[in-house]
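First the structure, in the form of structure tokens, and then the observations on it.
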Amino acid sequence: MTEAGPPLMPVRAVPSAGGGTFLLRPVGPADFLFGLHGRPPADDPAAALLRTAAIRDHVPAGPVLPPILSIWHLTRCGSTLVARMLSCIEALQVTDEPGALVDICGAFWGLVPAADRLPALDATLRSLGQRLRPGARHLVVKQSLRSWHELDLFARLHPDMHRLLIIRDPLEILVSNLRGPPGWLKLRDMAWSPLLSGVGLAAQRGLSDAEFIARCLGRAFTALADMVAQDPAAWLILDYPELPGAVTTRLLPRLGITPSPAEAAAMAAVTGLQAWNRKGRQPFSDDRADKQAAATPEMRALCDRFLRDPWRRLAAYASG
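So for the sequence shown, my numbering puts the first residue at 84; every next one is plus one.
Right under this line is the structure:
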């Protein structure tokens with residue numbers, strides 16, 4: 084951080100003919116991990132601190148950390164736990180699905196030519212990489228499932244950036260998304276939502292929420308499987324049952340990082356609590372059997388129709 088206060092970081096990115104616009108706000112170490120999801124409510128004190136700037140004009144302050152790892156996932160499969168664990172390591176500056184990154188790598192920006200998207204993504208990574216604590220040496224970004232479009236952009240900007248993909252039994256993922264509908268379900272009426280579901284807008288309106296969710300998940304799973312197929316050796320794929328141990332035994336050695344005893348103790352403490360609940364977190368309990376038992380015949384049919392095949396492809400790469 085500079086003496087003038089916390090650096091400005093993007094929480095949204097809006098495309099335009101001029102290369103796009105950032106919505107920015109001051110960000111400190113305490114809110115970097117989960118504080119970059121988008122515009123805060125109007126009554127939130129942070130709303131008064133928002134600023135806008137052309138992406139091309141936004142200049143990061145101070146040292147910029149190089150990105151070392153991008154975390155990809157199938158949703159509801161332990162990626163937030165991994166982000167929390169990695170954030171316990173002083174050398175890693177970790178952010179979970181920052182809004183501007185999700186925007187630029189999402190479907191709406193997919194209509195923007197790559198010549199404009201690459202500079203916008205580069206500017207976003209440099210802004211997120213503004214060092215917030217003295218010991219930080221690398222940037223880690225966790226993607227949204229809706230970021231599956233743009234692996235090629237990351238590979239072009241940072242070909243040596245490590246890639247982690249976390250998977251889970253697709254029926255458990257679907258049950259979780261139907262029990263607690265995802266925020267992106269609200270996007271189903273957007274004009275560009277067929278880019279998520281693969282179904283025309285008129286036909287999409289006739290789908291149940293369950294089928295819309297299953298179609299969107301299946302489309303994203305398939306795209307991820309296609310991307311991994313291009314260079315399987317570049318990916319580390321972890322299955323949900325391997326967590327949390329594989330973070331220490333498989334991921335950190337790949338990154339060349341050995342946690343200190345204090346960092347290892349902090350990581351172990353994180354695993355004892357639910358990862359996804361950011362307030363009033365409860366003790367963690369394994370819910371795999373519960374989700375399998377809760378699956379209805381309709382859920383199983385949707386899973387088999389849209390999710391099972393791309394998941395099998397990814398599972399094969401994980402065990403290969």
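In this text, a Cβ means the ideal position worked out from N, Cα and C, and glycines have one as well.
When DSSP labels each residue in this structure, what does residue i get in the three-state scheme?
i, result
"L248", "strand"
"L91", "strand"
"Q176", "strand"
"A144", "coil"
"D373", "helix"
"R134", "strand"
"F117", "coil"
"M84", "Model confidence at M84 stands at a pLDDT of 44, short of 50, so the residue's coordinates are unreliable; what they give is reported in the following sentence. If DSSP states are grouped into helix, strand and coil, M84 belongs with coil."
"P150", "strand"
"R122", "coil"
"L107", "strand"
"V311", "helix"
"A329", "helix"
"V185", "helix"
"V282", "coil"
"W155", "strand"
"L319", "strand"
"A378", "coil"
"A100", "coil"
"D127", "coil"
"L290", "coil"
"G301", "helix"
"C160", "coil"
"C171", "coil"
"L390", "helix"
Buried or exposed: residue i, going by 16 or more other Cβ atoms within 10 Å of its Cβ?
i, result
"K374", "buried"
"E180", "buried"
"D126", "exposed"
"V142", "exposed"
"T73", "No statement about residue 73 is possible, as the shown extent of the chain runs from 84 to 403 and does not include it."
"E346", "buried"
"P150", "buried"
"E381", "exposed"
"G88", "exposed"
"P128", "exposed"
"P366", "exposed"
"S343", "exposed"
"W359", "exposed"
"S276", "buried"
"R216", "exposed"
"S162", "buried"
"L268", "exposed"
"L356", "exposed"
"R388", "exposed"
"P393", "buried"
"D252", "buried"
"T158", "buried"
"T341", "exposed"
"R229", "buried"
"L259", "Before going further, note that residue 259 is Ser rather than Leu in the sequence given. Classification for S259: buried."
"D140", "exposed"
"A274", "exposed"
"R262", "exposed"
"R239", "exposed"
"R395", "exposed"
Please report the Cβ distance between residue i and residue j, rounded to the nearest whole angstrom; I am assuming they are in contact, meaning their Cβ atoms lie under 8 Å.
i, j, result
"C188", "V353", "Not a contact, Cβ separation roughly 26 Å."
"L338", "L201", "With 8 Å as the limit, L338 and L201 do not qualify as a contact, their Cβ atoms being about 25 Å apart."
"T104", "I138", "6 Å"
"G182", "V94", "5 Å"
"L270", "R302", "Contact doesn't hold; Cβ gap of about 13 Å is too wide."
"I320", "A401", "4 Å"
"R298", "G281", "6 Å"
"G218", "L148", "G218 to L148, Cβ: 11 Å. No contact."
Using a Cβ-Cβ distance cut-off of 8 Å, determine whether residue i contacts chain B.
i, result
"F237", "In the displayed structure, chain B is absent; only one protein chain is listed."
Sequence ranges, beta strand (DSSP E) only - wholly within the segment 190 to 276, length at least 3: 221 to 225 and 245 to 250
Within the segment 332 to 369, ranges of the alpha helix (DSSP H) (whole runs, at least 4 residues): 335 to 338 and 344 to 353
Three-pair Cβ contact test at 8 Å for the segment 311 to 328 versus the segment 214 to 227: no
Three CB pairs or more closer than 8 Å across the segment 130 to 146 and the segment 233 to 242: no
Inter-stretch contact at 8 Å, needing at least 3 Cβ pairs: the segment 376 to 394 / the segment 280 to 289: no
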